[in-house]
Each structure stands twice: as C-alpha cells, then as structure tokens.
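Structure record follows, encoded as structure tokens.
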Amino acid sequence: MAELCTPNIGGKRFMSLTAGFPIPKHKSGALQQILGMQFYFPDEIARDDFYSFPKPKEENENLNLVSRSFNASVTAPKLTESSSDMIIEPHNIGLIPASEWSPRPVSLEEIKSSYFTRRNGTSRSFDVKLYNALCITKSNPAAYKFIGVAWIDETHFKIDEKKFSQFLGTKSDYMTLFDQQGPISKYGFEQIFKGANPAFTRNSLCDDVDDCKVCIFSDPMHRFSRDKPFTHVDI
Numbered sequence: 001m002a003e004l005c006t007p008n009i010g011g012k013r014f015m016s017l018t019a020g021f022p023i024p025k026h027k028s029g030a031l032q033q034i035l036g037m038q039f040y041f042p043d044e045i046a047r048d049d050f051y052s053f054p055k056p057k058e059e060n061e062n063l064n065l066v067s068r069s070f071n072a073s074v075t076a077p078k079l080t081e082s083s084s085d086m087i088i089e090p091h092n093i094g095l096i097p098a099s100e101w102s103p104r105p106v107s108l109e110e111i112k113s114s115y116f117t118r119r120n121g122t123s124r125s126f127d128v129k130l131y132n133a134l135c136i137t138k139s140n141p142a143a144y145k146f147i148g149v150a151w152i153d154e155t156h157f158k159i160d161e162k163k164f165s166q167f168l169g170t171k172s173d174y175m176t177l178f179d180q181q182g183p184i185s186k187y188g189f190e191q192i193f194k195g196a197n198p199a200f201t202r203n204s205l206c207d208d209v210d211d212c213k214v215c216i217f218s219d220p221m222h223r224f225s226r227d228k229p230f231t232h233v234d235i
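In structure tokens form, the structure reads like this:
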C-alpha cells in the first residue's frame, strides 16, 4: 500500500493532504533524485519539526484593551472658572486707598459688587477704579476676561469697552466709555492707535485690539504707570 509523502520545499515542511501524493516508500529515493527535492514521511517527523503559532499572551490582550481605549471618544473635562472662583488679596497687590480694602482675601466678584459698581466717594472715581483694575490684572492676568483692562507695557494699557463697562456695573447695552463725553475723555486719557507703534502690532497682548471696541490708551497726566503707584491729580 502506498504511503503519503510530502515535499520538503525551501527547507520548509508542509503537513497538507493537498501537498502530498501516494508513493511507495521504498521508491522515494529514486524519485527524489529525478525531481531534485527531498520527501519525508509523517511517521519520520517529530512533532517539534512543525511550526506552531504562539498562543495569545495576556500582555497582548492588555495592549488590545489599551488600543481600544485610545480609539474611544474621550471628552476632556471643562474647566469652569467664574469671578467668584478668583481670589484677590487687595493689600498685597496695591489697591488704593488701603483703608477701603479688607485685610482678608476676597473674591473678584465680591470686589466688583462692593467697590467697582459703586459710584459715591473720591476713592471710587473713574481714574482710581481704572488704576485698581489694572493692579488686579497685573497680578492675575487671567482676570482680564472678567475686567477688560490690562497693561501692554510700562505706560500703555488696553481697555475692552464692553467688558469694563459691565465690570463697572453699566446697565445699558450702549457703551459710553469711549465716547467724547465719556469717562475716558473726561479723565484725560488718550487713545493710541495700534498701527502708530510697530511694537504694538508685534505684541501678542494687542491681538484683540481693534481700535474700536478694544483700544490702547496712555495717561498724559502721568498719574500712574505699570510700575508707579497712583498720584492724585486735580482735573
């Protein structure tokens, strides 16, 4: 009875019924010489001679789990910050007059309601409020989105008319800070156009300046600067 033999091709043995063909075992030597290839018989091959695929490892499964987790949709947590969350230390940042401010830390919202939205008294004049607002954003630049004023350099600052008006408690939708009869002109502050100084166009702090709703100003009366405390000047 003929036995099943399978060619050994390229040094690899293939255990396959379609790859084998019946041939008497005692005649296989002559056929190997004619065909120029080596044959083997299943009963002559040890189990170790066959290649077996490795079983999936636990590490690979873990990697698959990690891969699937990265492909999943992930929503980053939203960081919600309000003026009530922002804490200010009035005496440490130089707010004036010192007698006006509590020695304890207070929230920006509390400062807004107890000071900036009130209008009575010389300590609450527009120029003093502006100076105090600039002191807050100087020490905490993130407060700009709530207050709307910030220093650009030592002598120039920017004002977002809508934000600062709201911070001062203006009820009307019509902003008047930049009007000819508004407090900016009344208190002698002078607008500087962004294009007038190449340094402004290169300064990232001026990116939101449009010379209309967000404008740059200076103080020709030299009442204060970024590094100089407020000096009262009669208007």
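So for the sequence shown, the UniProt record's numbering puts the first residue at 1; every next one is plus one.
Quick reminder that beta carbons are idealized off the backbone N, C-alpha and C, glycines included.
By Cβ distance below 8 Å, which residues in the same chain neighbour A72 in space, the five residues on each side in sequence not counted?
Summary for A72: the model assigns pLDDT 40, below 50, so the residue's position carries little reliability; its value from the coordinates is reported in the next sentence. Result list for A72: empty, nothing under 8 Å.
In the DSSP assignment, what residue or residues form a beta bridge with H156?
Answer by DSSP bridge pairing, in chain order: S218.
Looking only at its chain, what residues have a beta carbon closer than 6 Å to the beta carbon of G182, apart from the 5 residues adjacent to it on each side?
So the list reads T176, once near-sequence residues are dropped.
A133 to V149, Cα distance in whole Å?
So the two alpha carbons sit approximately 7 Å from each other.
Please return the same chain residues whose Cβ sits closer than 7 Å to the Cβ of I147, not counting the five positions on each side in sequence.
Within the same chain, I147 has close Cβ partners A133, I136, T137, K163, F164, F167.
What does A150 pair with, by DSSP beta-bridge criteria?
According to DSSP, which records beta bridges pairwise, A150 is partnered with K158.
Within a Cβ cutoff of 7 Å, which residues of the same chain sit near S69, ignoring the five residues on either side of it in sequence?
Caution is warranted here: a pLDDT of 40 is assigned to S69, below 50, making its placement in the model unreliable, and no coordinate value can be reported.
To which residues of the same chain is E154 closer than 8 Å at the C-beta, ignoring the five residues directly before and after it?
These residues qualify, in order along the chain: S225, R226, D227.
What does DSSP give as the partner residue(s) for E190 in the beta ladder?
Bridge partners of E190: S218.
Along the alpha helix (DSSP H) that carries Y131, what are the first and last residues, could you check?
First-last of the alpha helix (DSSP H) with Y131: 126-139.
If you draw a straight line from the C-alpha of F157 to the C-alpha of W151, how long is it?
Cα to Cα, F157 sits roughly 4 Å from W151.
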